[in-house]
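Engineer: Numbering (the working numbering), first residue to last: 34 to 160. Let me begin by handing over the structure; questions about it come next.
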């Protein structure tokens, strides 16, 4: 039997999708820890297994640069961005593991949250 502890860093507006992710129950055999800030903080990014940044009210390119430079090498960076912002991120796609297009429906958010948790479980799993 294994157990996975994931440290999430939620960046941006702490309502909407980020609040729903924080409020969701972990998958079986998973525990979650949440770090949060309205703006990117390098010290928090360096601690996370998975960084989820809601870029919808931010300078998307600047935020991604800051988070990518600070994150652990094996940490994942997932961003929530509107279509205009995505167009401005083309030079940084290599550091982003996934882009969730805003606005997200509740069903899409639930699916993507569960999928990202499973994909990132190799970071902190112990048998």
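Glycine included, each C-beta is placed from N, C-alpha and C at the ideal position.
Can you name the start and end residues of the alpha helix (DSSP H) that residue 97 belongs to?
Structural biologist: Element bounds for residue 97: 93-103.
Engineer: Name the DSSP beta bridge partners of residue 39, please?
Structural biologist: Answer is 65.
Engineer: If you follow the beta strand (DSSP E) that residue 83 is part of, which residue opens it and which one closes it?
Structural biologist: Residues 83-87.
Engineer: Could you say which of 45, 116 and 87 lies nearest to residue 71 if we only look at CA atoms?
Structural biologist: 45
Engineer: How many Å lie between residue 39 and residue 77 at the Cα?
Structural biologist: Rounded to the nearest angstrom, the two C-alpha atoms are 14 Å apart.
Engineer: For residue 60, report the span of its alpha helix (DSSP H) as first-last.
Structural biologist: No alpha helix (DSSP H) holds residue 60; DSSP gives it neither H nor E.
Engineer: Starting from the Cα of residue 67, find the closest Cα among 102, 82 and 96 and give me that residue.
Structural biologist: 82
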